[in-house]
Amino acid sequence: MVAGPCSAESREQMESVCVALARMPQVSMVRCGVWKPRTRPGGFEGCGESALQWVADIRQQVKSVRNECGGERMLYCCEVARTEHVEQAVRYGMDAVWLGARTTANPFMVQELTEALRGTGLLVLVKNAPSPDVRLWMGAIERCHRVGVRDVVAVHRGFDLFRNEGLRNSPLWEVPIELRRQMPEIPILCDPSHIAGRREPIAALSQTALDLGFEGLMIETHPSPERALTDCEQQLTPAQLAEMLSGLVVRSTDSVVADEELRLMREQIDQIDGEVLRLLAARSKVAERIARVKREGNLAVFQPKRWDAVLHDRMEQGQEQGLSEEFVKGIFERIHAESVRVQEETIGQHDVKEEQKK
Ligand code: PEP
Ligand code: MN
Numbered sequence: 170m171v172a173g174p175c176s177a178e179s180r181e182q183m184e185s186v187c188v189a190l191a192r193m194p195q196v197s198m199v200r201c202g203v204w205k206p207r208t209r210p211g212g213f214e215g216c217g218e219s220a221l222q223w224v225a226d227i228r229q230q231v232k233s234v235r236n237e238c239g240g241e242r243m244l245y246c247c248e249v250a251r252t253e254h255v256e257q258a259v260r261y262g263m264d265a266v267w268l269g270a271r272t273t274a275n276p277f278m279v280q281e282l283t284e285a286l287r288g289t290g291l292l293v294l295v296k297n298a299p300s301p302d303v304r305l306w307m308g309a310i311e312r313c314h315r316v317g318v319r320d321v322v323a324v325h326r327g328f329d330l331f332r333n334e335g336l337r338n339s340p341l342w343e344v345p346i347e348l349r350r351q352m353p354e355i356p357i358l359c360d361p362s363h364i365a366g367r368r369e370p371i372a373a374l375s376q377t378a379l380d381l382g383f384e385g386l387m388i389e390t391h392p393s394p395e396r397a398l399t400d401c402e403q404q405l406t407p408a409q410l411a412e413m414l415s416g417l418v419v420r421s422t423d424s425v426v427a428d429e430e431l432r433l434m435r436e437q438i439d440q441i442d443g444e445v446l447r448l449l450a451a452r453s454k455v456a457e458r459i460a461r462v463k464r465e466g467n468l469a470v471f472q473p474k475r476w477d478a479v480l481h482d483r484m485e486q487g488q489e490q491g492l493s494e495e496f497v498k499g500i501f502e503r504i505h506a507e508s509v510r511v512q513e514e515t516i517g518q519h520d521v522k523e524e525q526k527k
């Protein structure tokens, strides 16, 4: 569990939040933004080196509180976006650093930073890039590995789409799930604060992350969020954080413990998936035949009116079957895109054969 303010703003603020977090056994690392990468200029851009000095100054006090509570040593991390930031983080004894979303998006910057991180012994947290491209995320992790940084943790902070449906960033859980599949050895934390952009959804997002087997959470925590200089809408007080954490349930994601009933239901799911795939293959074959007819009749592959009617009908049927509109729409958009692709390919192959005959 990583917690702490979006930005380190003053010695008092850092002392207050760190001492409160020291009393929470679940929290093992304090986060604080020291250099703030603002999307647009003109906002608060962090206190820089003075903030690192505040962290160094309060460590001893936090250590005593931690010892009284019997907790383990508290670790500290900040964001780095330039090589000088890495040098300063090392100089002031930080334990970890994170690469922010806008940094992960830029392989040149990641390359420079990882070279600066070589041999420092810092733990590196890598946030996903703002776009849902799992390869950028993996690329930044791989660049860490290449310079010998082995302690790397991924942080899922959601994706900046044009529309994010009530949240600041879209979680697109399938992206971190794909990262887990491709890099099973990398622990993944969820940052529900930046996904949510406000306090209310943080608990539910945290629970989803735990249910998906994420190893931990990074949550912005501020002694008085309403006065925060950055991200004031989404930060929790330490008391709110403690209450939220006490409501979370950690469930096993280890299928070895699955019982007999679960095994049987999984068999059912496997069979249903097989059927779904057979039906999709059959649908594709019909699409190939349709392509030939369309070519003969000189009809375009994409027929907007027909597509509109199909989508309408499938969404209505889906609703009758108790499926969510969004789910059915997403699936049929994907199926239709594939059908268009198959038809284009079929017509393309036919045209090539005709050319060869000539
Ligand atoms: C942050 O953690 O404060 C931050 C700037 O996040 P991100 O890089 O995910 O936008
Ligand atoms: Mn923030």
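Just so we're aligned, residue 170 is where the sequence shown starts under our numbering, counting upward by one. All C-beta atoms, glycine included, are put in the ideal place defined by N, C-alpha and C.
For the pair of segments examined, the region 341-350 was found to touch the region 322-333: the number of CB pairs separated by less than 8 angstroms reaches three. Contact annotation, Met243 with Gly385: C-beta distance approximately 15 angstroms; criterion of less than 8 angstroms not satisfied. Counting C-beta pairs with one atom in each stretch, the region 508-524 and the region 469-481 have three or more that are closer than 8 angstroms, which means they touch. A direct Cα-Cα distance of roughly 13 angstroms separates Pro340 from Leu358. By the Cβ neighbour-count rule, Ser375 is buried, with 16 or more other Cβ atoms within 10 Å of its own. Glu395 is positioned such that its CB atom lies no closer than 9 angstroms to that of Pro174. Counting only runs of 4+ residues, the alpha helix (DSSP H) found wholly inside the region 206-257 occupies 218-238, in chain order.
Boundaries of the beta strand (DSSP E) around Val321: Val321 to His325. DSSP lists Ala172 as the bridge partner or partners of Ile388. In this chain, the beta strand (DSSP E) harbouring Arg200 covers Met198 to Arg200.
Inclusion of His363 in the 8 angstroms shell around the ligand MN follows from its C-beta lying nearer than that to a non-hydrogen atom of the ligand. If you look at Ala450, you'll find it in the alpha helix (DSSP H) that goes Glu429 to Glu465. Shortest Cα-Cα distance from Glu218 to any of Lys205, Ala411 and Asn275 involves Lys205. Of the other Cβ atoms in all chains shown, fewer than 16 fall within 10 Å of the Cβ of Arg420; this residue is therefore exposed. Separation of the CB atoms of Val316 and Leu286 is rounded to 6 angstroms, and the pair is thereby assigned contact status at 8 angstroms. Remark: the C-beta of Ser197 is outside contact range of the ligand PEP, defined as less than 8 angstroms to any heavy atom. CA-to-CA, the gap between Met413 and Val279 works out to about 34 angstroms. Near the ligand MN, residues with a Cβ at less than 5 angstroms from any of the ligand's heavy atoms are Cys175 and Asp400; the list follows chain order. Contact between the region 192-201 and the region 245-265 is established, with three or more Cβ pairs separated by less than 8 angstroms. Between Thr515 and Ala451, the CB-CB gap reaches or exceeds 9 angstroms. DSSP, reduced to helix, strand and coil, places Leu294 within a strand of the structure shown.
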